[in-house]
Amino acid sequence: MSRPPVVARTLPALRRALAELRKRNASVALVPTMGALHDGHLSLVRLAKRRADKVVVSVFVNPTQFAPHEDFGSYPRTFKADASKLAEENVDLIWNPDVKVMYPEGFASKILTEAPAVAGLEDSFRPHFFGGVTTVVGKLFIQCRPDVAIFGSKDFQQLRVVTRMAADLDLGVKVIGAPTVRERDGLAMSSRNVYLSAEERAIAPTLYRAMKEVAKRIKAGKTIASSLTAGAELITEAGFVLDYLEARHAETLAPIKSPKEGPIRLLVAAKLGKTRLIDNIAV
Ligand code: AMP
Numbered sequence: 084m085s086r087p088p089v090v091a092r093t094l095p096a097l098r099r100a101l102a103e104l105r106k107r108n109a110s111v112a113l114v115p116t117m118g119a120l121h122d123g124h125l126s127l128v129r130l131a132k133r134r135a136d137k138v139v140v141s142v143f144v145n146p147t148q149f150a151p152h153e154d155f156g157s158y159p160r161t162f163k164a165d166a167s168k169l170a171e172e173n174v175d176l177i178w179n180p181d182v183k184v185m186y187p188e189g190f191a192s193k194i195l196t197e198a199p200a201v202a203g204l205e206d207s208f209r210p211h212f213f214g215g216v217t218t219v220v221g222k223l224f225i226q227c228r229p230d231v232a233i234f235g236s237k238d239f240q241q242l243r244v245v246t247r248m249a250a251d252l253d254l255g256v257k258v259i260g261a262p263t264v265r266e267r268d269g270l271a272m273s274s275r276n277v278y279l280s281a282e283e284r285a286i287a288p289t290l291y292r293a294m295k296e297v298a299k300r301i302k303a304g305k306t307i308a309s310s311l312t313a314g315a316e317l318i319t320e321a322g323f324v325l326d327y328l329e330a331r332h333a334e335t336l337a338p339i340k341s342p343k344e345g346p347i348r349l350l351v352a353a354k355l356g357k358t359r360l361i362d363n364i365a366v
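First residue of the sequence shown? That's 84 in the working numbering, and the numbers climb one at a time after it.
Next up, the structure:
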């Protein structure tokens, strides 16, 4: 039985714990999360264990990536259950700062990124989002100085933004993307799935099914535009309010009109009742 993870809640405690982990030149992987951990998060932890000697998981619900009308207040917070899941995965350190530790009185800085962060996807519907993500992830990278950091492809634009930021700012972190973990019916696991009523939960896998249908049509030689129209119909007929369903270049996130232009990623965001879901797949 290995030791339970150390839990650090202050910067001095984090520094002490990291110094201990780094003894004998051990490499460190960071897995940033907002807690309410599910098997998708745990798959990132398992990948982290394969990529580094020691694993740090941050659990921090980051207020700066939520707009005032969004769900910061009601976001599920389940630290005790999270900590025992992370203990079972033999995580070495949990970084669980308070909001005041991350953003002390007078905090006034922001990391601003362009290209993938202004691609006209999540940024169009959540304009505050990437500024909050890059600022907190930049801080986490500087605080923890990991050799590698694991992010889920579930948040595909975020993965691209963070990868770009780490390279642009010479943060010395290798960002690694991990595949999306799904429920048996195809719904991408998400901490926000707990918001869904039983009826909504039954409808939710339509997002994935619709993207599969779009991919099938594109592979069969139909135009991207007509395939997306068919996919959008499936999604709205099921009861979603669609924010976007788009085909983008998988690397640059630039709009793409034909498979000849490069690898395609389908990305979707839609609201079901009060819950906003996002997902994406490769074609
Ligand atoms: P969150 O706690 O939702 O901010 O997510 C923390 C990390 O877990 C992010 O890198 C997400 O992309 C990743 N993640 C969330 N859901 C999944 C999933 N279903 N499969 C794989 N990774 C995920």
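All residues carry an ideal CB built from backbone N, CA and C; glycine is no exception.
The structure displayed is predicted, hence computed values, not measured ones.
Three-way DSSP call (helix, strand, coil) for residue i in this model
i              : result
asparagine 179 : coil
aspartate 122  : helix
glutamate 329  : strand
alanine 131    : helix
arginine 98    : helix
aspartate 265  : Residue identity check: residue 265 is arginine in the sequence provided, not aspartate. In the structure shown, arginine 265 sits in a strand (DSSP, three-state: E or B).
lysine 340     : coil
aspartate 165  : helix
threonine 93   : coil
valine 366     : coil
alanine 271    : strand
leucine 254    : coil
valine 277     : helix
valine 174     : coil
arginine 359   : strand
Residue i beta carbon near ligand 3 (any heavy atom closer than 7 Å)
i           : result
alanine 261 : Looking for ligand 3 in the displayed structure turns up nothing; the ligands present are ligand 1.
Cβ pair residue i, residue j closer than 8 Å
i              : j                 : result
valine 220     : proline 115       : yes
lysine 257     : aspartate 230     : yes
tyrosine 278   : threonine 161     : no
methionine 272 : aspartate 122     : yes
leucine 311    : threonine 289     : no
valine 142     : leucine 113       : no
arginine 331   : proline 338       : yes
valine 111     : proline 146       : no
valine 351     : leucine 336       : no
glutamate 296  : glycine 314       : yes
alanine 200    : phenylalanine 213 : yes
glycine 235    : alanine 261       : yes
methionine 117 : serine 274        : yes
threonine 218  : isoleucine 233    : no
valine 216     : glutamine 241     : yes
aspartate 165  : leucine 120       : yes
isoleucine 364 : methionine 294    : yes
N- and C-terminal bounds of the alpha helix (DSSP H) containing residue i
i             : result
aspartate 206 : 205-208
arginine 284  : 281-286
proline 159   : Careful: proline 159 lies outside any alpha helix (DSSP H) and carries neither H nor E.
leucine 223   : 212-227
lysine 302    : 289-302
The beta strand (DSSP E) enclosing residue i, as first and last residue numbers
i                 : result
isoleucine 194    : Per DSSP, isoleucine 194 belongs to no beta strand (DSSP E) and is neither H nor E.
valine 245        : Premise fails: valine 245 lies in the alpha helix (DSSP H), 239-251, not in any beta strand (DSSP E).
arginine 348      : 347-355
alanine 313       : Here alanine 313 belongs to no beta strand (DSSP E); instead the alpha helix (DSSP H) covers 307-320.
leucine 113       : 111-116
phenylalanine 149 : Element bounds for phenylalanine 149: n/a, residue is neither H nor E.
glycine 235       : 231-235
valine 138        : 137-142
For residue j and residue i, believed in contact at Cβ under 8 Å, the rounded distance
i              : j            : result
isoleucine 307 : lysine 343   : In fact, because the Cβ distance is near 11 Å, the residues do not count as touching under 8 Å.
alanine 281    : leucine 270  : Not confirmed; about 13 Å, so no contact.
isoleucine 225 : arginine 134 : About 20 Å separates the two Cβ atoms, so there is no contact after all.
leucine 169    : proline 88   : 6 Å
valine 174     : valine 144   : Wrong, their Cβ atoms sit about 18 Å apart, outside the cutoff.
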